[in-house]
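In order, the protein sequence lines correspond to chains A and B.
Its first residue numbered 153, the first sequence is counted upward by one per residue in the working numbering.
Its first residue numbered 75, the second sequence is counted upward by one per residue in the working numbering.
Note that beta-carbon positions come from the ideal geometry of N, C-alpha and C, so glycine has one too.
Okay, structure first, notes after.
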Amino acid sequence: MRNILKIAVRNLARFGRRTLLTSSLITLDIVGVLLFIAVAGSFKTIMIGQFTDSMLGHLEVHRKGYVASIDSLPLNLNMQPTMVGKVEQALKATDAVDAYSERIKLGAMFSNFTETTSIRISGIDPAKEIATVPLLPGRVIGDKRAGALLNPGEILIPELIARGLKVKAGDTVVLVATNRDGSVNGKTFSVAGVMQSASGPGGKDGYISIDDARALLRMKEAEVSEIAIRLKNPAQIEAVYAQLSKELSAIAGAGAGAGAGTGSADKSASAGKGGGSGLEVHTWAALSPFSNIANMIDLLAVFIKIMMVSIVLISVMNVMMMAVYERVREIGTISAIGTPPRRILALFITEGLLLGLGGAALGTLISLAAIYALNIWKITVKFGMQQAIVLSPAVSARDVVIIAALVAVMALLASLQPAWKASRMDPVTALGHV
Amino acid sequence: MALIRAEELVKTYRTGEVDVHAVRGVDFAIESKSFVVFVGPSGSGKTTLLNMIGCLDRPTGGKLAVVDTDVGTLDRPAAAEFRGKHIGFVFQDFNLIPVLTVYENIEYPLIMVQDWPEKKRREQVMRLLKAVGMSGQENKRPDQISGGQKQRVAVARALATDAKLVLADEPTANLDHDTAYHIIELMKKMRDEFGTTFVFSTHDPKIMGEAEVTFTLEDGRIQQPSPRPVAIHA
């Protein structure tokens, strides 16, 4: 094998310019792919982080059917206290869970006493919410006040409503909400701050404390619309999702019993909307349309890998076909003196592999250097309402190994046909080749 | 026992719609350790005959036994193995591998065709380098040596595996007369030193006389065997 390697290396060096051109092409190809994976991956991570860390959390638990009817924020699909207690037990027993936050979601009318508009409200426990979505305080516009993000009797209002109704921090406003039994209740709040939407202009989501929400809705029990969950490692989303789905489906039976006794509205929700009796877990991606952008980035990476594979395949095959064509007499000679066909095959395959692996090695080194440089230069991008998010391009060892393996496999496949042709060459015809 | 024996040996090629009768039923026998030449004009069938003896081509009729093997029955891999074991080749254009040094060219069949251990390889290559007068040139590439030196290296390569038979198709065609004569002398010396049978072809009348046995070919037939033609070279 050492000798085959030696001859292959020398043959590549013999046609130096062609070897250099082909390996440069493969090198550029690898650099393009790895840089794209690194930069796009960083952008994707930041983008996902903006949603999970400032609004959604990594996972959310709802009563079955709630998400399907989420536009109307149905109060009759809230989780009952017994159900919430069991979910909390399951979450506390899961090591991967870093924090969780119970929320009550409701639709309400927002009034500044002269104008009225609709608003979506999340009732939260501020400390638990910040632990679960740590970027939430960062969404508050203007000067940050000292102390708690949100006190009882206060409201954080969306920027859209603040501008439209000319409301600012310190103003008094009224929220009017329809309770589950159909009655209407109102409550005054002091504006604690104005918040940016996590996804750009257009959001109409405000925050009040969970106790205020319960008071506004005249809830007799500590019901919860959803539980947002933060994981210690976001890479574990799918695994924890699967584990919790399994565990919470077991809880559902007990919870269903509790839910069944809460009134006729609950029953009709279960029957009419096909849910309500159990629990379901959703990942952030299932709840946000922006997961499509993440999917699109992944799809682009796949297309770029396909292009890379095609370039490697075509360039190595082209060079190896030329190598065989130019060395027909040489092949005839080594065949005539008794070189077994399998060794001739190995010789040309080794040449093709070296060509691909050389380009891949150089491309990986250049890519890693470029990624290092990009991290030093600190490239910023604008996403959502964030003006300057610093990209942190990175590529995993797994990606590098996959790309190198892809190039190796493609180089192998590309040299297979020319090498096979060389190994099957008739020595008499080859020796007579001019 | 003859090293090579041909009986009614025939080779017919099909070129388009035409049958080309390259060899038309020849009979001959070549003894071990002999120095034999096939002579004849271009197209007389010399190369075809050498190709069949060298298991590069298969006869279309008759029988051909080389080293007690009916070579007409060998398939391609078996023929390659047979060549690697018993036959060395010297080509008109030297056909050295350009990316290998003189040493590596001689060593090539010991690595790629047979699996000799490194120490034994080194001893064999050094012995052959000395025998063909190329000691001290082992690190040169083929493009750094003359045509005569290339052919010396080619002879050494052909002998590397201790082949019983060396076939040389027009080995002197690309050499000037003096060099050609020296190559033939070298081949003869190698025959004496290693006991190898040398069979070569030529249409150069000055070289023919150096052989001990001459077969003259014309239109694919052997005209007259001659045990010892008169050497023209002085």
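Do you know offhand how far residue i's Cα is from residue j's?
i	j	result
E399 (chain A)	V213 (chain A)	12 Å
I296 (chain B)	A498 (chain A)	42 Å
L509 (chain A)	T581 (chain A)	33 Å
A305 (chain B)	M282 (chain B)	With a pLDDT of 42 at A305 (chain B), under the threshold of 50, the modelled position of that residue is not reliable, and the figure given next carries that caveat. Whole-angstrom Cα-Cα distance: 7 Å.
K238 (chain B)	G269 (chain B)	8 Å
R162 (chain A)	V173 (chain B)	6 Å
I276 (chain A)	I531 (chain A)	35 Å
E267 (chain A)	P304 (chain A)	24 Å
D250 (chain A)	I389 (chain A)	12 Å
E286 (chain B)	L77 (chain B)	15 Å
K204 (chain B)	L170 (chain B)	18 Å
G413 (chain A)	F195 (chain A)	With a pLDDT of 36 at G413 (chain A), under the threshold of 50, the modelled position of this residue cannot be trusted; read the value that follows with caution. So the alpha carbons of these two residues sit roughly 47 Å apart.
E292 (chain B)	S118 (chain B)	5 Å
A160 (chain A)	T253 (chain B)	33 Å
V92 (chain B)	V185 (chain A)	57 Å
I282 (chain A)	I463 (chain A)	48 Å
P191 (chain B)	A154 (chain B)	21 Å
L383 (chain A)	V392 (chain A)	8 Å
F289 (chain B)	L157 (chain A)	44 Å
G430 (chain A)	A245 (chain A)	20 Å
A522 (chain A)	A557 (chain A)	21 Å
D142 (chain B)	D551 (chain A)	59 Å
D418 (chain A)	L227 (chain A)	Residue confidence for D418 (chain A) is low, a pLDDT of 36 falling below 50, so the modelled location carries little weight; the figure read from the coordinates is stated next. Taking the straight line from one Cα to the other gives about 9 Å.
L565 (chain A)	R494 (chain A)	16 Å
H95 (chain B)	M126 (chain B)	14 Å
Can you pull the DSSP bridge partners for residue i?
i	result
V97 (chain B)	B:K85
N337 (chain A)	A:A329
T324 (chain A)	A:S342
S117 (chain A)	For chain A, the structure presents residues 153 to 586; residue 117 (chain A) sits outside this window and is missing.
I381 (chain A)	A:L211, A:Y252
I78 (chain B)	B:I104, B:V140
S349 (chain A)	Its beta-bridge partners do not exist; DSSP assigns none.
I296 (chain B)	B:L291
Please say whether residue j and residue i have beta carbons closer to each other than 9 Å?
i	j	result
A525 (chain A)	I555 (chain A)	no
I293 (chain A)	Q348 (chain A)	yes
T271 (chain B)	K107 (chain B)	yes
I161 (chain B)	V240 (chain B)	yes
L506 (chain A)	L208 (chain A)	no
G158 (chain B)	Q198 (chain B)	no
F274 (chain B)	V145 (chain B)	no
N337 (chain A)	R370 (chain A)	yes
L225 (chain A)	G193 (chain A)	no
S401 (chain A)	E503 (chain A)	no
S519 (chain A)	L187 (chain A)	yes
I182 (chain A)	M472 (chain A)	no
K214 (chain B)	V164 (chain B)	no
L124 (chain B)	P579 (chain A)	no
V561 (chain A)	T174 (chain A)	no
H80 (chain B)	F102 (chain B)	One point to set straight first is that residue 80 (chain B) is Ala, not His, in the sequence displayed. Cβ atoms of A80 (chain B) and F102 (chain B): closer than 9 Å.
P545 (chain A)	V325 (chain A)	no
H210 (chain A)	T435 (chain A)	yes
S116 (chain B)	H251 (chain B)	no
L327 (chain A)	S274 (chain A)	no
For the alpha helix (DSSP H) that residue i lies in, which residues bound it at each end?
i	result
E192 (chain B)	192-205
D551 (chain A)	549-575
G159 (chain B)	It is Lys, not Gly, that sits at residue 159 (chain B) in the sequence shown. Run containing K159 (chain B): 150-160, per the alpha helix (DSSP H) assignment.
F455 (chain A)	443-478
I222 (chain A)	Unbroken run through I222 (chain A): none, as it is neither H nor E.
T516 (chain A)	493-529
P545 (chain A)	Taken as a continuous stretch (DSSP letters only), P545 (chain A) belongs to no alpha helix (DSSP H), as it is neither H nor E.
Please report the residue range of the beta strand (DSSP E) in which residue i lies.
i	result
R215 (chain A)	211-215
F167 (chain A)	Neither: F167 (chain A) is in no beta strand (DSSP E) and is coded neither H nor E.
A242 (chain B)	239-243
V111 (chain B)	109-113
V287 (chain B)	287-292
F268 (chain B)	No beta strand (DSSP E) holds F268 (chain B); the alpha helix (DSSP H) holding it covers 251-268.
T276 (chain B)	271-276
Review point. Counting Cβ pairs, one atom from each stretch, are 3 or more of them under 8 Å apart for the segment 218-237 of chain B and the segment 177-185 of chain B?
Key: yes
**Study point:** Three-pair Cβ contact test at 8 Å for the segment 426-445 of chain A versus the segment 166-179 of chain A
**Key:** no
**Study point:** Inter-stretch contact at 8 Å, needing at least 3 Cβ pairs: the segment 250-257 of chain A / the segment 356-375 of chain A
**Key:** yes
Practice item. Pair every Cβ in the segment 128-139 of chain B with every Cβ in the segment 77-85 of chain B, then say whether three or more of these pairs are closer than 8 Å. Key: yes
Exercise for review: Determine contact between the segment 373-383 of chain A and the segment 230-249 of chain A, defined as no fewer than three beta-carbon pairs at a distance below 8 Å.
Suggested key: yes
Review point. So, do the segment 277-293 of chain A and the segment 185-205 of chain A have three or more beta carbon pairs nearer to each other than 8 Å?
Key: yes
Check your understanding: Are at least three pairs of beta-carbons, each pair with one atom in the segment 454-463 of chain A and one in the segment 229-237 of chain A, less than 8 Å apart?
Key -> Short answer: they don't touch.
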